[in-house]
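Asks:
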């Protein structure tokens, strides 16, 4: 289905989410966004998460950092590979 609009707020959410499920989770979320966008416009309420409200995500992030692991946002990962 063609998507006519991807608001910058949603792109921001996608780029700054930590993606604990890696690329599979990203793919599933994008598929979900397309399925729900019956009018071709992706809306904020279609996201299964919000980076500003993910307390559990920050907790997991803190636990991993305490174990000398790092979690990069999608934007940081993309920047590393350019």
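In the UniProt record's numbering, the protein residues as written are 1 to 82.
Just so it is clear, CB atoms sit at the ideal spot from N, CA and C, and this is done for glycine as well.
Please determine, among 18, 3 and 9, the residue with the shortest C-alpha to C-alpha distance to residue 75.
Replies: Residue 75 has its Cα closest to that of 18, out of 18, 3 and 9.
Asks: Find the nearest neighbour of residue 36 within the set 14, 50 and 2, judged by alpha-carbon distance.
Replies: Taking only the C-alpha atoms, the option nearest residue 36 is 2.
Asks: Can you find a C-beta in chain D that's less than 8 Å from the C-beta of residue 24?
Replies: Considering every chain present, this structure includes no chain D. It has just one protein chain.
Asks: Closest by CA to residue 4, which one among 20, 43 and 80?
Replies: The shortest Cα separation from residue 4 among 20, 43 and 80 belongs to 43.
Asks: Find out if the Cβ-Cβ distance for the pair residue 23, residue 47 is shorter than 8 Å.
Replies: No, these two residues do not count as a Cβ contact at 8 Å.
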